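Visitor: Attaching a single structure in structure tokens format; questions to follow.
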Amino acid sequence: MSYAMDMQNYTTQSETATSEPKIMARDVNVFYGPSQALKSIQLDIGANEVTSLIGPSGCGKSTFLRCLNRMNDVIENCTVEGRISLDGVDLYNSGLDPVLLRARVGMVFQKPNPFPKSIFDNIAYGPRLHGTVSNKDELDERVEKSLRRAGLWDEVKDRLDKPGTGLSGGQQQRLCIARAIAINPEVILMDEPCSALDPIATAKIEELIDELRERFTIVIVTHSMQQAARVSQKTAFFHLGELVEVGETDRLFTSPQDDRTQGYITGRFG
Amino acid sequence: MEQLALFFALLFLTVLGFILGKGRAVALSGHSDQPLHSRLPYYGLYTALWCGLPSLIIMAGWMIFEPQIAEMLVASQLRDSNASITPDQLSLYINDVVNLASGGILSREPDAALLSAADNYSLFRQISYFAMAVVAIAFSLLALFTSLKKINPALRARNQVEKVVSIIMMISSLIAILTTVGIVFSLIFETLRFFDKVPFFDFLFGTHWSPQTALRSDQVGGSGSFGAIPLFAGTMLITFICMVVAIPVGLLSAIYMSEYAGKKFRAFAKPVLEVLAGIPTVVYGFFAALTVAPFFRESGTLLGLSVSSESALAAGMVMGIMIIPFISSLSDDVMNSVPQSLRDASYAMGATKSETITKVIIPAALPGIVGAVLLAMSRAIGETMIVVMAAGLAANLTANPLEAVTTVTVQIVTLLVGDQEFDSAKTLAAFALGLLLFVVTLVMNVVALRVVRKYREKYD
Chain A
1 MSYAMDMQNY TTQSETATSE PKIMARDVNV FYGPSQALKS IQLDIGANEV
51 TSLIGPSGCG KSTFLRCLNR MNDVIENCTV EGRISLDGVD LYNSGLDPVL
101 LRARVGMVFQ KPNPFPKSIF DNIAYGPRLH GTVSNKDELD ERVEKSLRRA
151 GLWDEVKDRL DKPGTGLSGG QQQRLCIARA IAINPEVILM DEPCSALDPI
201 ATAKIEELID ELRERFTIVI VTHSMQQAAR VSQKTAFFHL GELVEVGETD
251 RLFTSPQDDR TQGYITGRFG
Chain P
271 MEQLALFFAL LFLTVLGFIL GKGRAVALSG HSDQPLHSRL PYYGLYTALW
321 CGLPSLIIMA GWMIFEPQIA EMLVASQLRD SNASITPDQL SLYINDVVNL
371 ASGGILSREP DAALLSAADN YSLFRQISYF AMAVVAIAFS LLALFTSLKK
421 INPALRARNQ VEKVVSIIMM ISSLIAILTT VGIVFSLIFE TLRFFDKVPF
471 FDFLFGTHWS PQTALRSDQV GGSGSFGAIP LFAGTMLITF ICMVVAIPVG
521 LLSAIYMSEY AGKKFRAFAK PVLEVLAGIP TVVYGFFAAL TVAPFFRESG
571 TLLGLSVSSE SALAAGMVMG IMIIPFISSL SDDVMNSVPQ SLRDASYAMG
621 ATKSETITKV IIPAALPGIV GAVLLAMSRA IGETMIVVMA AGLAANLTAN
671 PLEAVTTVTV QIVTLLVGDQ EFDSAKTLAA FALGLLLFVV TLVMNVVALR
721 VVRKYREKYD
């Protein structure tokens, strides 16, 4: 019975735009040179919820994530077709400057990549860049707020002038999250943010993701199905460049509709 | 010639040692039930090293000390026959004996005593050569047999061979260090002699450079004044002009090549730029003297400026062009090695390409860039040829780049060209200048390294 209900949810969400999803992707095809990495993806991402993208390696989930803030632009001979919109504005065809887009859509990477600068300067990088703070006090305040939201403030408040690269792996990743939220983005993209971390650091980040959901729309790529189940409200399963199935996380893991989803989550491949 | 034959004999024994040693190990591995400790070639190397190295060391030691022993023998014979001989006469006589024995030119007509001394000398040399050959080959053969005998499965041949190899590597690195130390000391001793003749502070703070001194007492000549300030001022002026040209051009081209240029352009431009570094400095020199300097002089006249036909500007500019590839190529490499993840992080924060370059890539690459600039700078300070040809020899104390200046290196060249006597202040001044130049570049490098270490942004 619940299966049918979810089924209904699923269809309404993907076919009607009335519920105003934060991000809409329609017929998205991505090519790296001649090879096609994503095939006609249709996906809605709701505001203030965590959407996780799962699937075996090379299935295109990271590629899709990088389409959402146009980070694929940096890669040579990568072409994106179709329509992706943020709050109804087309990301690719409306003359939107990718630089402005990335100020609204932050990103956290697989490997923690703090700048080789002090902890303070790492967080202050975005606000300084975009001129969103007018004086030193505001900047201090912004740095503290971002670090507090990332749950890192108490650990680093006494050594803000020390290099960010001197922190532990988990702290570095939270520093990167703090850096991303310091520019007040609307959406945060996370590309396997815990894959380089130990279980305790992972638990902290997952907790953090859950808190951040109140303010931000979060899309997370993960290899760990447990992680997807723990942190996300919606899950999308990618396989060989196709979006196989998307739905409420609980529903997708308990009663997948597609055989491939079933196979992946029960560990038959991937 | 004879030494060469001996050397080849030892080489042959060494190769033989390798083959026999390895052969014995092969035989052992076939028969013995105990597995060999090391892999087969190590047993060959073990034998070969024993055959070759000690004999070579004996040979080298013999060749260093034997001539001295032979000369001492001649000297003692001479002192026996003529007790009143002075050390100077003695050394001249020995020289003649050695020259006669080897068929060289003598300083006197050979007499009977000289001839017999020369005969004795060459006889001794011959005997000693045969003795050396016998000892070296005997030792080599002995080592061959004992080390072959020692080969058994428990022998740790690899450890021993590796130990010897590591010692050889250590000696190689010592050679470079000892050479540096030796050069510095020779500079120091000659410089101390110079300061016996010229007061230290006159040299360091004097503003007049005119090194011509009278060689003989009856000669008319300058009394000589050795103020190094004009030379260092000239060096600094030319280096400054050079860096003003090279740093911006080099850095901008490095940024373009590493961040903006396409792969194809980079693959083409980088080697071409490096060709600039391969042009001999003499060629740059006459380019500066024959093309650039006249051009500056003529454009100067058009503008109503008097530009000397040998000017600091021409030399500095051409030197700057020469230095560009040092800065651009090295900086390009360090900027390229800044991890992509840092660029991604910056782009993902909404930074533009130029913001990413100025705020992330250049700070991260700064130690390398400073290193490149330093390397270029010491190249510029030490550069001689361009300056000799294009900047002139006049030791003017001036900050005007349109005048002729001279540099430390140019003066060292002119001081040491031609006939010299090594107790005149003029010649010794070259060593003092060399030492001072060495100290200046050393201090510069140390300071810059400290600065870099302090401000470097580490990434992993």
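Chains A and P, in that order, give the protein sequences. Just so it is clear: in the first sequence, position 12 is 12 by our numbering, and no numbers are missing. Heads up: take any position in the second sequence, counting from 1, add 270, and you land on our numbering. Glycine is no exception: its CB is placed at the ideal position from the N, C-alpha and C atoms. These numbers were taken from a predicted model, which means no experiment stands behind them.
#1: With 16 other CB atoms within 10 Å as the buried threshold, where does P564 of chain P fall?
#2: In chain order, what are the residue ranges of uninterrupted beta strand (DSSP E) at least 3 long that sit wholly in the stretch 199 to 257 of chain A?
#3: Taking the alpha carbon of D614 of chain P as the reference point, which residue from P:S601, P:T626, P:I453, P:M605 has its own alpha carbon closest?
#4: Could you check what DSSP says for V680 of chain P in three-state terms: helix, strand or coil?
#5: Could you check whether Q273 of chain P and M342 of chain P sit closer than 8 Å to each other, using their CB atoms as the reference points?
#6: So what's D87 of chain A in DSSP terms, helix, strand or just coil?
#7: Can you find a CB in chain A that lies within less than 8 Å of the CB of S611 of chain P?
#8: So, using beta-carbon positions, are M659 of chain P and G555 of chain P closer together than 8 Å?
#9: Can you give the Cα-Cα distance for G641 of chain P and K540 of chain P, rounded to whole angstroms?
#10: Report the residue from P:E673, P:A669, P:G704 whose alpha carbon sits nearest the alpha carbon of L685 of chain P.
#11: Measure the alpha-carbon distance for N69 of chain A versus A124 of chain A and round it to whole angstroms.
#12: Relative to the C-alpha of S294 of chain A, which candidate in A:K111, A:S195, A:G131, A:Q172 has its C-alpha closest?
#13: Determine the closest residue to V680 of chain P out of P:D466, P:I656, P:L698, P:A695, with distance taken between C-alpha atoms.
#14: Let me check understanding here. Comparing Cα to Cα, which of A:D121, A:K117, A:Y32 lies closest to V315 of chain A?
#15: The stretch 615 to 629 of chain P: which residues have C-beta closer than 8 Å to a C-beta of chain D, in chain order?
#16: Would you call N352 of chain P buried or exposed, if buried means 16 or more other Cβ atoms sit within 10 Å of its Cβ?
#17: Quick check on I682 of chain P: buried or exposed, where buried means 16 or more other Cβ atoms within 10 Å of its Cβ?
#18: What does A634 of chain P touch in chain A if you count any residue whose Cβ is under 7 Å from its own?
#19: Using 8 Å as the threshold, is the C-beta distance between V731 of chain P and I517 of chain P below it?
#20: How about the stretch 128 to 135 of chain A and the stretch 110 to 120 of chain A: do they share at least three Cβ pairs that are nearer than 8 Å?
#21: Consult DSSP for T509 of chain P and reduce its assignment to one of helix, strand or coil.
#22: Check K22 of chain A in the structure and name its three-state DSSP category.
#23: With distances taken from CA atoms, which of P:W479, P:L645, P:P609 is nearest V630 of chain P?
#24: If you follow the alpha helix (DSSP H) that M342 of chain P is in, where does it begin and where does it stop?
#25: Between the stretch 462 to 480 of chain P and the stretch 697 to 713 of chain P, do three or more beta carbon pairs fall short of 8 Å?
#26: Indicate the three-state DSSP secondary structure (helix, strand or coil) for G300 of chain P in the structure shown.
#27: So if DSSP puts D191 of chain A in a beta bridge, which residue, or which two residues, is it bridged to?
#28: Just checking, does the stretch 292 to 307 of chain P make contact with the stretch 414 to 426 of chain P on the three C-beta pairs under 8 Å criterion?
#29: Does the Cβ-Cβ distance between V231 of chain A and E214 of chain A come in under 8 Å?
#30: For a contact meaning CB atoms closer than 9 Å, what does L65 of chain A contact in chain P?
#31: Can you give the Cα-Cα distance for T261 of chain A and I218 of chain A, rounded to whole angstroms?
#32: Mind reading off the beta-carbon distance from V50 of chain A to L38 of chain A? Whole number of angstroms is fine, and I expect it under 8 Å.
#33: Among P:V434, P:T505, P:T551, P:I327, which has the Cα closest to the Cα of N670 of chain P?
#34: Please confirm if K111 of chain A has its CB atom under 8 Å from at least one CB of chain P.
#35: I'd like to know if the stretch 321 to 338 of chain P and the stretch 396 to 410 of chain P are in contact, where contact means that at least 3 CB-CB pairs between them fall below 8 Å.
#36: If you follow the alpha helix (DSSP H) that S410 of chain P is in, where does it begin and where does it stop?
Guide: Well, looking at it:
#1: Position 294 of the second sequence, counted from the first residue, corresponds to residue 564 of chain P. It is exposed - the Cβ of P564 of chain P has fewer than 16 other Cβ atoms within 10 Å.
#2: 217 to 221, 234 to 239, 242 to 248
#3: As a first step, residue 614 of chain P must be located in the second sequence, where it is residue number 344. Out of P:S601, P:T626, P:I453, P:M605, P:T626 has the C-alpha closest to the C-alpha of D614 of chain P.
#4: Position 410 of the second sequence, counting from 1, holds the residue named residue 680 of chain P. The answer is helix: DSSP assigns V680 of chain P an H, G or I state.
#5: Stepping through the second sequence from its first residue, residue 342 of chain P is reached at position 72. Stepping through the second sequence from its first residue, residue 273 of chain P is reached at position 3. Cβ distance not < 8 Å, so M342 of chain P and Q273 of chain P don't count as in contact.
#6: For the purposes of this step, residue 87 of chain A is taken as the residue at position 87 of the first sequence. Here D87 of chain A sits in coil by DSSP.
#7: Locating residue 611 of chain P in the second sequence gives position 341, counting from the first residue. Taking Cβ atoms only, chain A reaches closer than 8 Å to S611 of chain P, which makes this a yes.
#8: Residue numbering aside, residue 659 of chain P sits at position 389 when the second sequence is read from its first letter. Residue numbering aside, residue 555 of chain P sits at position 285 when the second sequence is read from its first letter. Yes. Within cutoff.
#9: Here residue 641 of chain P refers to the residue found at position 371 of the second sequence. Here residue 540 of chain P refers to the residue found at position 270 of the second sequence. Distance between the alpha carbons of G641 of chain P and K540 of chain P is about 19 Å.
#10: Indexing the second sequence from 1 puts residue 685 of chain P at position 415. Selected option, being the one with the closest Cα: P:G704.
#11: To locate residue 69 of chain A, count along the first sequence from 1; it is residue 69. To locate residue 124 of chain A, count along the first sequence from 1; it is residue 124. Each residue's Cα considered, the two are about 21 Å apart.
#12: With chain A running from 1 to 270 in the structure shown, residue 294 of chain A is simply not present.
#13: Numbered from 1 along the second sequence, position 410 holds the residue referred to as residue 680 of chain P. It is P:I656.
#14: What is shown of chain A runs 1 to 270, which leaves residue 315 of chain A out entirely.
#15: Protein chains in the displayed structure are A and P, and chain D is not among them.
#16: Within the second sequence, the letter at position 82 stands for residue 352 of chain P. Exposed.
#17: What you label residue 682 of chain P is simply residue 412 of the second sequence in a count that begins at 1. With 16 or more other Cβ atoms within 10 Å, it is buried.
#18: By one-based count along the second sequence, residue 634 of chain P stands at place 364. Within 7 Å Cβ-Cβ: P116.
#19: Residue 731 of chain P lies beyond the stretch modelled for chain P, which goes from 271 to 730, so this question has no answer here.
#20: no
#21: Position 239 of the second sequence, counted from the start, is the residue given in the question as residue 509 of chain P. Here T509 of chain P sits in helix by DSSP.
#22: As a working note, residue 22 of chain A is residue 22 in the first sequence. It is coil, neither helix nor strand.
#23: Position 360 of the second sequence, counted from the start, is the residue given in the question as residue 630 of chain P. V630 of chain P has its Cα closest to that of P:P609, out of P:W479, P:L645, P:P609.
#24: Working through the second sequence from its first residue, we reach residue 342 of chain P at position 72. From DSSP, the alpha helix (DSSP H) with M342 of chain P extends over 310 to 351.
#25: yes
#26: Position 30 of the second sequence holds residue 300 of chain P. Here G300 of chain P sits in helix by DSSP.
#27: Within the first sequence, residue 191 of chain A is the residue found at index 191, counting from 1. Partner(s): A:V221.
#28: yes
#29: Within the first sequence, the letter at position 231 stands for residue 231 of chain A. Within the first sequence, the letter at position 214 stands for residue 214 of chain A. Contact flag unset, no.
#30: What you label residue 65 of chain A is simply residue 65 of the first sequence in a count that begins at 1. In chain order: nothing, as chain P lies at least about 11 Å away.
#31: Taking the first residue of the first sequence as 1, we reach residue 261 of chain A at position 261. Taking the first residue of the first sequence as 1, we reach residue 218 of chain A at position 218. C-alpha separation (whole angstroms): 22 Å.
#32: Position 50 of the first sequence, counted from the start, is the residue given in the question as residue 50 of chain A. Position 38 of the first sequence, counted from the start, is the residue given in the question as residue 38 of chain A. Not a contact, Cβ separation roughly 21 Å.
#33: Along the second sequence, read from residue 1 onward, the residue named residue 670 of chain P stands at position 400. Among P:V434, P:T505, P:T551, P:I327, the Cα nearest to that of N670 of chain P is on P:T505.
#34: Stepping through the first sequence from its first residue, residue 111 of chain A is reached at position 111. Output row for K111 of chain A: interface = yes.
#35: yes
#36: Reading the second sequence from its first residue, position 140 is the one you call residue 410 of chain P. Start and end: 382 to 420.
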